[in-house]
Amino acid sequence: MSDRSTEHSRRERSKTNARALTRALRYLKPQWPLMAGALAGLLLGNLAALLVPQGLRLIIDQGIAPQRLDVIAAAGAGLVGIATLKGLFNFLQSYLAEAASQNVAYELRNLIFNKITTLSFSYHDQQQTGQLMTRVTSDVELVRQFIGQAVPQLIGSFVVLVGALIFLFSMNALLAAVTLVVTPLFLGLLGFFLARVRPLFSLTQQKLAELNTVLQENLAGIRVVRAFAREPHELERYTKVNHALRDISITINRQFAITFPLLFFVVNMATLMVTLVGGLLVIRATLTVGELVAFANYLAVLIQPLFAFGFLSAFVARASVSAERVFEVIDAESEVKQKPDAIPLPPIKGDVSFRNVYFKFAGSDRWALEDVSFDVPAGSKVAIVGRTGSGKSSIINLIPRFYDPQRGQVLIDGHDVKDVTLDSLRGSIGIVLQDTVLFSGTIRDNIAYGKPDATMEEIVEAAKAAQAHDFITALPDGYNTVIGERGVGLSGGQKQRIAIARALLLQPRLIILDDSTSAVDAETEYQIQQALQAMLTRCNCTSFVVAQRLSSVRNADLILLVDDGRIVAQGTHEELLRDNALYGEILDTQFAPDLAPYEEALAA
Ligand SMILES: Nc1ncnc2c1ncn2[C@@H]1O[C@H](COP(=O)(O)OP(=O)(O)OP(=O)(O)O)[C@@H](O)[C@H]1O
Ligand SMILES: [Mg+2]
């Protein structure tokens with residue numbers, strides 16, 4: 016029963032895989048002039064190849080036997096001409112098909128990248144980066160090779176097969192039939208080989224993706240790995256997958272190594288039979304020597320497509336798995352979708368309301384937020400306080416629609432965020448996330464990330480407000496200092512302040528800031544805090560801050576106390592301190608150490 020159902024699901028899978036391949040082929044449509052050229056080159060090149068044995072027959076029967084040197088010379092020249100043409104057509108075919116397939120790969124890579132950048136956070140929560148990278152690189156390349164190499168070779172092989180058979184049967188049907196006797200044996204061997212190799216090919220792609228995942232995680236998390244001295248563990252993890260990948264590849268190669276000599280043996284048996292039967296026919300004078308030579312040559316020509324079918328069907332199996340993996344990403348639906356009739360959000364005042372919001376993460380069975388409601392008038396400084404895992408980040412993530420709530424409404428100035436365009440919504444909000452991401456490029460570029468056409472004055476002004484100007488100008492190249500991959504390193508606090516300047520540059524009426532405790536020293540912490548306070552007082556905007564510092568809650572107009580996905584109390588610092596035991600407990604246990612000594616020192 017279970018055997019039958021796995022067999023069934025295996026068939027279903029190979030069906031969808033085949034569909035993915037035909038779908039990949041549809042991307043060739045705009046490339047039809049290239050493909051038509053490639054196909055013409057293919058047909059003509061193969062036709063030329065099929066004429067070679069006929070030239071040989073002519074030389075032997077009409078030239079050598081009757082001792083006519085002029086025929087030999089003419090046919091020889093003809094053969095050289097044919098070989099030249101064949102080379103030319105082959106070149107045309109492979110060049111054009113390759114160009115067409117590169118265009119398709121380009122298109123697919125762009126489609127995937129576009130999708131990856133627009134998919135909602137919940138998609139990325141569930142995807143491993145290494146998997147996605149494998150899809151953009153290795154899987155697309157396999158699909159490309161299928162289009163640019165396998166398809167032309169399959170068509171070419173078919174043409175050669177049919178052409179060779181026609182020539183064989185038209186020369187001598189009896190001898191042709193003899194060559195076909197070994198066909199069932201040949202096909203049987205091939206089928207056996209394919210059945211064993213096919214599953215291994217899909218496993219290869221899977222293991223490659225796993226390998227990339229481990230690699231990517233290690234590159235991204237190299238500091239953590241070092242900090243916890245987990246290099247041996249990571250090495251073991253990598254080696255294990257690497258080992259599996261190697262073993263599969265070796266197994267595949269073993270199958271090749273066993274099968275192909277056997278196939279050659281079968282083919283040699285056919286040659287032997289042709290030589291025996293053909294020799295007999297020549298002795299009895301029903302076949303000429305030239306025909307026998309041509310026959311043997313066609314047999315050699317015939318082998319080529321048979322091997323190609325064997326090899327290519329294994330490759331097609333592999334490419335179809337890759338095509339499926341590519342289209343999985345292209346077809347992925349973003350959970351956060353812009354309505355077709357979405358309007359741009361007009362310039363906002365900054366009122367924010369949550370109406371009975373329920374939210375759960377994809378794949379989770381419990382609410383991360385339950386019945387959350389609050390009203391925040393424009394210009395308020397809101398601090399969100401709660402234990403870790405209580406739902407603070409979740410609240411903040413719903414405002415720019417990083418996720419959508421399952422029930423309830425999030426409103427900005429009375430507009431449901433689901434009714435406005437995503438660009439206008441996110442462009443109206445200054446966002447500083449928990450971990451700062453800077454891109455390779457200059458500091459200036461990084462600050463201007465959300466507004467690439469900002470003037471230098473605006474950039475400096477934003478940097479000053481974020482308390483970043485001083486340390487930036489102290490760098491040798493100032494605002495033109497290159498950071499990221501191979502540029503200068505910045506401290507956590509410096510990065511954070513650049514991120515704040517980036518948000519400030521947009522002059523948003525609404526700022527959200529997920530400012531969880533990151534491992535920074537007291538002085539850095541103090542600088543960040545200064546930058547935050549400066550930003551919040553200066554922008555005169557509505558702000559939501561996930562608070563980890565006393566100064567944030569003391570200066571807040573409204574504190575939302577979150578516990579287990581619910582808002583359990585709202586009010587000012589004094590009110591909550593007076594009325595709520597949980598609040599006091601959180602201040603004592605979860606908040607960063609008081610920085611008052613620093614504040615006093617700096618005030619003096
Ligand atoms: N991507 C996710 N997928 C599934 N569940 C998640 C995801 N992110 C968070 N959760 C769960 O949802 C709940 C709320 O998470 P949230 O990130 O909002 O907490 P938080 O209050 O911001 O915590 P912290 O102070 O640690 O940042 C937690 O129980 C958490 O385990
Ligand atoms: Mg959080």
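When we follow my numbering, the leftmost residue of the sequence shown carries the number 16, and every step to the right adds one.
In this text, a Cβ means the ideal position worked out from N, Cα and C, and glycines have one as well.
Helix, strand or coil: which one does DSSP assign to residue i?
i       : result
Asp-14  : With the chain running from 16 to 619 in the structure shown, residue 14 is simply not present.
Ala-90  : helix
Leu-528 : strand
Asp-366 : coil
Asn-371 : strand
Lys-407 : helix
Arg-441 : helix
Arg-564 : coil
Gln-424 : strand
Leu-505 : coil
Ser-558 : strand
Asp-76  : helix
Leu-453 : coil
Ala-398 : strand
Asp-431 : strand
Leu-134 : coil
Ile-414 : coil
Ala-347 : coil
Val-585 : Contrary to the premise, residue 585 reads as Gln rather than Val in this sequence. Gln-585: strand per DSSP, three-state reduction.
Leu-360 : coil
Ile-521 : Note on residue identity: the sequence assigns Leu, not Ile, to residue 521. Leu-521: coil per DSSP, three-state reduction.
Asp-578 : strand
Is there at least one non-hydrogen atom of ligand 2 closer than 8 angstroms to the beta-carbon of residue i?
i       : result
Gly-560 : The question names Gly, but residue 560 is Val in the sequence shown. Checking the Cβ of Val-560 against ligand 2 gives no.
Asp-450 : no
Asp-579 : no
Asp-603 : no
Asp-529 : yes
Report yes if the C-beta distance between residue i and residue j is below 9 angstroms; otherwise report no.
i       : j       : result
Phe-136 : Val-151 : no
Val-212 : Met-288 : no
Ala-338 : Ala-55  : no
Ala-80  : Gly-325 : no
Phe-161 : Ser-335 : yes
Ile-410 : Leu-575 : yes
Leu-226 : Tyr-253 : yes
Asn-595 : Val-577 : no
Arg-517 : Ile-462 : yes
Val-367 : Val-435 : no
Arg-564 : Gln-544 : yes
Ala-309 : Pro-68  : yes
Ile-526 : Ala-546 : no
Leu-157 : Val-292 : no
Gly-499 : Glu-538 : no
Val-119 : Ala-33  : no
Ile-318 : Val-351 : no
Phe-330 : Thr-274 : no
Gln-141 : Ala-377 : yes
Ile-513 : Thr-470 : no
Please go through the same chain and pick out, in chain order, the residues whose beta-carbon is closer than 8 angstroms to the beta-carbon of residue i, but skip the five residues on each side of it.
i       : result
Met-16  : Bear in mind that a pLDDT of 42 at Met-16, under 50, signals an unreliable position, so the model cannot answer this.
Gly-78  : Leu-84, Val-86, Ile-87, Ala-90
Met-50  : Leu-43, Leu-111, Ala-112, Ala-115
Val-229 : Gly-145, Glu-249, Arg-252, Tyr-253, Val-256
Ala-165 : Leu-327, Phe-330, Val-331, Ala-334
Chain C beta carbons: is any one of them nearer than 9 angstroms to that of residue i?
i       : result
Ala-489 : Looking at the structure shown, chain C is missing, and only one protein chain is on hand.
Excluding the 5 residues preceding and the 5 following residue i in the sequence, name in chain order all residues of the same chain whose CB lies nearer than 6 angstroms to its CB.
i       : result
Glu-251 : none
Asn-61  : Gly-171, Val-174, Val-175
Thr-457 : Asn-495, Val-497
Leu-126 : Ile-345
Arg-340 : Arg-150, Asp-154
Asn-105 : Gly-60
Thr-219 : Ile-263
Leu-205 : Gly-325
Ser-408 : Asp-529
Leaving out five residues on either side along the sequence, give the residues of the same chain with a beta carbon under 7 angstroms from the beta carbon of residue i.
i       : result
Glu-249 : Asn-233, Val-240
Asp-579 : Ser-405
Ala-347 : Lys-130, Leu-134, Tyr-138
Phe-606 : Gln-563, Arg-564, Leu-565
Ala-259 : Lys-222
Taking 8 angstroms as the cut-off, is the CB of residue i close to at least one heavy atom of ligand 3?
i       : result
Phe-330 : Because ligand 3 does not appear in the structure shown, any question about it cannot be addressed here, the ligands present being ligand 1 and ligand 2.
Can you list, in chain order, every residue whose CB sits closer than 6 angstroms to a heavy atom of ligand 1? Asp-140, Phe-376, Ser-379, Ala-383, Gly-401, Thr-403, Gly-404, Ser-405, Gly-406, Lys-407, Ser-408, Ser-409, Ser-531
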